[in-house]
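Colleague: Under my numbering, the sequence shown is numbered contiguously, ending at residue 57. Please read through the structure below; I'll follow up with questions.
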Amino acid sequence: MTYAPARLYEEVAYIAYYFHWQREDVLDLTHHERGQWVREIARLNTRVGEGG
């Protein structure tokens, strides 16, 4: 199974933008870890957007 390059760039950009992590640091994460961080950032954004 291969990982879609577009999706990888999306995840790296999302994490780097919100947490200001370097590209290399994000790429060092496993697919599963990146997914966890993406979900956590999304959860935080939702909570902030709802005023909480």
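Here a beta-carbon is modelled for each residue, glycine too, at the ideal position from N, C-alpha and C.
(1) Does the Cβ of Arg39 have 16 or more other Cβ atoms within 10 Å, making it buried, or fewer, making it exposed?
(2) Rank Tyr19, Ala47, Arg28, His36 by C-alpha distance to the C-alpha of His9 and give the top, closest one.
(3) Would Ile46 and Tyr14 qualify as a contact pair, given that the criterion is a beta-carbon distance under 8 Å?
(4) Less than 8 Å between the beta carbons of Val17 and Val31, yes or no?
Modeller: Taking the coordinates as given:
(1) buried
(2) The question names His, yet the displayed sequence has Ala at residue 9. Cα-wise, what sits closest to Ala9 is His36.
(3) no
(4) yes
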